[in-house]
Amino acid sequence: RMLRIFIDKPSGVTHEDCANLSREVSTILDVEDAVPGGSYVLEVSSPGLDRKLVKPGDFERFQGSRIKLTTKAPVNGNRHFEGRLEHFESGRLTLDLAQARKKFRASTDAPQKLEIELANLEKANLVPEI
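According to my numbering, the sequence shown is numbered sequentially starting from 3.
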């Protein structure tokens, strides 16, 4: 049996944070005999560099970050976008496409900034910048 716990905090998650929580949760599970069958593998990790963005709070927190997203319905004839999350307010995000990778770059006649309703998002992820 696999038990996965994802942890997060505004300042980021360290390896030590994961190890500490793993020890604490493991102790509680063992003492309380909370897992049927007694045998389990506990995995504690952060959401990762390419974490999913789902809730409005995710978009508020990661304003200024590079993201990749897919919309349910096309926006300006496209469903796939990558750019910088410039702004998020009232369920609407503004994506700056000016520095997108070639694959996602808008054509020269397309707007460099795009507004997308949160309700139109199929999926969105951070794009790691290293």
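Using N, Cα and C, we set each Cβ at its ideal position, and we do this for glycine too. Note that this is a predicted model, so its numbers are computed, not measured.
For Val129 and Glu117, the gap between their C-alpha atoms comes out near 19 Å.
In the three-state reduction of the DSSP assignment, Asn78 falls in the coil class. When C-beta atoms of the stretch 21-35 are compared with those of the stretch 71-78, fewer than three pairs fall below 8 Å, so the two segments do not count as touching. In this structure Phe83 is in contact with Leu71, their Cβ atoms being roughly 5 Å apart against a cut-off of 8 Å.
Between the C-alpha atoms of Glu91 and Pro38 there is a straight-line separation of about 45 Å. Residue nearest to Glu119 within the set Ser47, Ile132, Ser67 and Phe61 is Phe61 (criterion: CA-CA distance). Here Gly14 is exposed: its Cβ has fewer than 16 other Cβ atoms, across all protein chains shown, within 10 Å.
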